[in-house]
Each structure stands twice: as C-alpha cells, then as structure tokens.
Amino acid sequence: MRIDNQARLRALKLNHGDRVSIVNSHDPADYERCRCGGHSLS
0 MRIDNQARLR ALKLNHGDRV SIVNSHDPAD YERCRCGGHS LS
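Under numbering that gives the first Met the number 0, the first residue of the sequence shown carries the number 0, and numbering increases by one thereafter.
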C-alpha cells in the first residue's frame, strides 16, 4: 500500500507540480513551512 501511495504522489507531482505541494507532515520543518503559508492558493 505504501509503495502504491508513493507512486500516486509521484504521478500527482509530475502532472500537477505547478499546482500542488507535497509535504511530509512528520518532518517538523517541512510541516511548519507549509503550515505557515509557504505556499499560495490560486
């Protein structure tokens, strides 16, 4: 299941990387960067 999820995330990033951000919520720095507005919604 984990491998399938990774494949789906890779495909999402490949096809829509300009519109999505993929973060690791278990990485405190990555999570904080995302949580604090490190991306924009349009």
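Using N, Cα and C, we set each Cβ at its ideal position, and we do this for glycine too.
Own chain, CB closer than 6 Å to residue i, minus 5 neighbours either side, in chain order
i: Y30; result: S24
i: C35; result: none
8 Å Cβ cutoff met for residue i and residue j
i: V19; j: C33; result: no
Same chain only: Cβ atoms within 7 Å of residue i, ignoring 5 sequence neighbours per side
i: L8; result: I21
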